[in-house]
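Everything in the sequence shown is counted per my numbering, starting at 1 for the first residue and increasing by one. To start, the structure itself, in structure tokens.
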Amino acid sequence: MTTQALANITVIVTGAAGGLGKVIATAFLEAGANVAICDINKDRLDAAAQEFSSSFADKFLAREADTTSEVAVDQLFQETVKKFGRVDMLVNNAAVMDSFDPAGTCSHETWDRLLNINLTGPFLTTKAAVKSMEAQTPPGGTIINMGSNASICGSNAGVAYTVTKHGILGLTRNTAAFYEEKGIACIMLQLGGLEATNISDAFAKGMNMEGLKLMQKNLPCFSQGVTDVSLRDVAKFCVLLADRSIAKTMNGAAVPFNKNWPPA
Numbered sequence: 001m002t003t004q005a006l007a008n009i010t011v012i013v014t015g016a017a018g019g020l021g022k023v024i025a026t027a028f029l030e031a032g033a034n035v036a037i038c039d040i041n042k043d044r045l046d047a048a049a050q051e052f053s054s055s056f057a058d059k060f061l062a063r064e065a066d067t068t069s070e071v072a073v074d075q076l077f078q079e080t081v082k083k084f085g086r087v088d089m090l091v092n093n094a095a096v097m098d099s100f101d102p103a104g105t106c107s108h109e110t111w112d113r114l115l116n117i118n119l120t121g122p123f124l125t126t127k128a129a130v131k132s133m134e135a136q137t138p139p140g141g142t143i144i145n146m147g148s149n150a151s152i153c154g155s156n157a158g159v160a161y162t163v164t165k166h167g168i169l170g171l172t173r174n175t176a177a178f179y180e181e182k183g184i185a186c187i188m189l190q191l192g193g194l195e196a197t198n199i200s201d202a203f204a205k206g207m208n209m210e211g212l213k214l215m216q217k218n219l220p221c222f223s224q225g226v227t228d229v230s231l232r233d234v235a236k237f238c239v240l241l242a243d244r245s246i247a248k249t250m251n252g253a254a255v256p257f258n259k260n261w262p263p264a
């Protein structure tokens with residue numbers, strides 16, 4: 001895609017100072033879009049901002065923002081609109097993993113933390129996005145949610161992560177249904193195992209080996225370098241959804257993006 005293909009498109013990517021989010025932001029910038037990123041990791045955010053600013057200074061905005069704070073989210077959207085004039089796309093990428101604990105051993109702290117980051121955060125950014133997209137001229141836009149095999153499977157993670165990713169599927173479908181007539185599409189990518197990404201930083205201390213073994217038993221055949229999903233491929237698909245006609249056609253979809261792991 002040429003560097004001017006998305007010249008009039010503005011995208012917000014959450015959790016984008018590293019890992020998948022940064023790769024997605026890079027792909028949009030390379031396609032010519034205006035991109036605003038946020039993250040709570042200040043060191044990584046500063047490094048990403050320095051890297052992007054050298055090549056995309058007038059097309060790029062970086063803000064330290066906690067997506068579980070409605071005030072912080074609203075400020076992020078306000079600053080994005082102030083700089084670029086509108087918001088055409090939101091990519092809800094920010095998330096953390098759990099330690100494979102089921103209900104009996106999952107701590108209340110872990111439960112609250114994952115629900116806040118993985119579900120309340122995307123709810124708040126979606127809320128801000130639809131309000132902004134409805135009000136702008138012309139109205140409309142596209143929201144991409146990063147789901148998971150855990151959005152449809154019970155043994156792909158612990159209870160906290162599984163519940164939040166099931167919730168992302170519900171958030172996607174409800175948003176797609178309620179805002180379709182207002183020109184807003186919402187799509188979930190059902191991601192499989194990803195190649196190296198900094199989500200490993202977010203694993204809780206310790207790992208429930210029983211839960212991990214259950215996943216390996218029920219979802220065998222994962223092979224690093226074979227069935228893991230390229231971050232760049234995820235990013236390219238997100239850029240494809242900048243085409244409003246394609247996004248409208250896929251509205252409400254949960255798109256398997258997992259190299260057929262586990263097999264369909």
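Beta carbons: idealized from backbone N, C-alpha and C, even for Gly.
Looking at the unbroken beta strand (DSSP E) that takes in residue i, where does it start and where does it end?
{"i": "residue 143", "result": "141-148"}
{"i": "residue 271", "result": "Any property of residue 271 remains undetermined from this structure, which presents the chain solely from 1 to 264."}
{"i": "residue 256", "result": "254-257"}
{"i": "residue 186", "result": "184-191"}
{"i": "residue 38", "result": "34-39"}
{"i": "residue 92", "result": "89-92"}
{"i": "residue 105", "result": "Premise fails: residue 105 is in no beta strand (DSSP E) and is neither H nor E."}
{"i": "residue 12", "result": "10-14"}
Alpha carbon to alpha carbon, how far is residue j from residue i? Give it in angstroms, no decimals.
{"i": "residue 90", "j": "residue 162", "result": "23 Å"}
{"i": "residue 119", "j": "residue 66", "result": "13 Å"}
{"i": "residue 198", "j": "residue 19", "result": "Its pLDDT being 43, under 50, residue 198 is placed unreliably in this model, and the coordinates cannot settle the point."}
{"i": "residue 24", "j": "residue 6", "result": "14 Å"}
{"i": "residue 167", "j": "residue 142", "result": "19 Å"}
{"i": "residue 52", "j": "residue 37", "result": "11 Å"}
{"i": "residue 253", "j": "residue 125", "result": "19 Å"}
{"i": "residue 117", "j": "residue 55", "result": "31 Å"}
{"i": "residue 48", "j": "residue 103", "result": "37 Å"}
{"i": "residue 201", "j": "residue 15", "result": "Unreliable placement is indicated for residue 201, whose pLDDT of 47 sits below 50; the coordinate value is still reported in the next sentence. Roughly 13 Å between the two C-alpha positions."}
{"i": "residue 69", "j": "residue 31", "result": "30 Å"}
{"i": "residue 136", "j": "residue 174", "result": "22 Å"}
{"i": "residue 110", "j": "residue 98", "result": "7 Å"}
{"i": "residue 226", "j": "residue 4", "result": "With a pLDDT of 49 at residue 226, under the threshold of 50, the modelled position of this residue cannot be trusted; read the value that follows with caution. Approximately 33 Å, taken between the alpha carbons."}
{"i": "residue 94", "j": "residue 114", "result": "11 Å"}
{"i": "residue 73", "j": "residue 170", "result": "21 Å"}
{"i": "residue 17", "j": "residue 180", "result": "31 Å"}
{"i": "residue 203", "j": "residue 96", "result": "Model confidence at residue 203 stands at a pLDDT of 49, short of 50, so the residue's coordinates are unreliable and nothing is read from them."}
{"i": "residue 78", "j": "residue 153", "result": "37 Å"}
{"i": "residue 60", "j": "residue 29", "result": "8 Å"}
{"i": "residue 244", "j": "residue 64", "result": "29 Å"}
{"i": "residue 108", "j": "residue 257", "result": "31 Å"}
For residue i versus residue j, is the C-beta spacing smaller than 7 Å?
{"i": "residue 147", "j": "residue 165", "result": "yes"}
{"i": "residue 160", "j": "residue 106", "result": "yes"}
{"i": "residue 138", "j": "residue 92", "result": "no"}
{"i": "residue 21", "j": "residue 11", "result": "no"}
{"i": "residue 80", "j": "residue 71", "result": "no"}
{"i": "residue 176", "j": "residue 9", "result": "no"}
{"i": "residue 184", "j": "residue 130", "result": "yes"}
{"i": "residue 45", "j": "residue 62", "result": "yes"}
{"i": "residue 134", "j": "residue 182", "result": "yes"}
{"i": "residue 255", "j": "residue 27", "result": "no"}
On the criterion of 16 or more Cβ atoms from any shown chain inside 10 Å, does residue i qualify as buried, or is it exposed?
{"i": "residue 101", "result": "buried"}
{"i": "residue 58", "result": "exposed"}
{"i": "residue 145", "result": "buried"}
{"i": "residue 150", "result": "buried"}
{"i": "residue 85", "result": "exposed"}
{"i": "residue 34", "result": "buried"}
{"i": "residue 178", "result": "exposed"}
{"i": "residue 230", "result": "exposed"}
Taking only beta-carbon atoms, is residue i less than 7 Å away from chain C?
{"i": "residue 70", "result": "Of the protein chains in this structure there is only one, and it is not chain C."}
Let's see if you can read the secondary structure: which residues bound the alpha helix (DSSP H) around residue i?
{"i": "residue 172", "result": "159-179"}
{"i": "residue 53", "result": "42-56"}
{"i": "residue 78", "result": "70-84"}
{"i": "residue 129", "result": "121-135"}
{"i": "residue 26", "result": "19-30"}
{"i": "residue 238", "result": "231-240"}
{"i": "residue 247", "result": "244-249"}
For the ligand SAH, I want to know if residue i counts as a neighbour, meaning its beta carbon is within less than 6 Å of at least one of the ligand's heavy atoms.
{"i": "residue 10", "result": "This structure simply doesn't include the ligand SAH, nor any ligand for that matter."}
Practice problem: Please confirm if the stretch 238-254 is in contact with the stretch 36-49, defined as three or more CB-CB distances below 8 Å between the two stretches. | Solution: no
Quiz prompt | the stretch 230-240 contacting the stretch 182-194, beta-carbon criterion three pairs below 8 Å | solution = Counting C-beta pairs with one atom in each stretch, the stretch 230-240 and the stretch 182-194 have three or more that are closer than 8 Å, which means they touch.
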